[in-house]
Structures are given as structure tokens and as C-alpha cells.
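Here is the structure we will look at.
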Amino acid sequence: MTELKDFPQEMLTNILPSIKRMIEKEQEHIARMERELKKAHIWNSRPWTLTKMPTDHLEEFILKSNEMLAHLKQRQIEYEEYILKNW
Numbered sequence: 037m038t039e040l041k042d043f044p045q046e047m048l049t050n051i052l053p054s055i056k057r058m059i060e061k062e063q064e065h066i067a068r069m070e071r072e073l074k075k076a077h078i079w080n081s082r083p084w085t086l087t088k089m090p091t092d093h094l095e096e097f098i099l100k101s102n103e104m105l106a107h108l109k110q111r112q113i114e115y116e117e118y119i120l121k122n123w
């Protein structure tokens with residue numbers, strides 16, 4: 037695996053804003069999926085509903101997205117610490 041010291045600092049400072057944007061987009065996407073999941077649970081709780089909305093795929097997607105978000109945040113922290121320490 038490539039280490040941070042292998043990258044020039046200018047490259048890391050250019051990558052950092054991209055990672056921040058990716059984190060923002062992922063957070064927005066997770067929030068949207070959580071709203072959809074909430075709607076599905078409300079729909080499924082109605083007694084007159086003949087067809088139930090599947091929720092498994094949304095729950096799994098939210099879990100995977102949260103894992104990705106945690107990875108991106110960790111990477112952002114590593115880059116910021118490395119830049120501050122070695123600049």
C-alpha cells in the first residue's frame with residue numbers, strides 16, 4: 037500500500053478538499069436514504085397497505101455508506117495530521 041510520505045505535500049493539499057466534498061456528498065446521500073427508509077417504515081406500518089415496501093436493501097445500503105463515510109473521515113484526519121506535522 038502506498039504511504040503518505042510517497043505523495044508530495046502539494047498533492048495532498050489538493051486531495052484534501054476533494055475528500056471533504058466526498059464526505060459532504062456521502063452525508064447528504066445517507067440522510068436521503070434514511071428519509072426514504074423512514075417513509076418505507078411508515079408506509080409498511082399502515083394496516084390498509086396491501087403491498088409492503090422492502091427495506092432490507094435500504095438498511096444494508098445505509099450501513100455500507102456509513103462504513104465508507106468512516107473510512108473517508110479517517111483518511112481526511114490522516115492527511116490533515118500528516119500535512120500539519122510535515123509542512
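Per our numbering, the sequence shown runs over residues 37 to 123.
Even for Gly, the Cβ is constructed at its ideal location relative to N, Cα and C.
The structure presented is a predicted model; accordingly, all values stated were derived computationally and were not measured.
Three or more beta-carbon pairs separated by less than 8 Å link the region 51-60 to the region 106-120, which places the two stretches in contact. For residue 49, the uninterrupted alpha helix (DSSP H) segment begins and ends at 45-81. Counting along the chain, the unbroken alpha helix (DSSP H) around residue 108 starts and ends at 92-122.
Between the alpha carbons of residue 64 and residue 98 lies a gap of roughly 12 Å.
The residues 88, 89 and 91, in chain order, have a CB closer than 8 Å to that of residue 80 in the same chain once the five nearest residues on each side in sequence are set aside.
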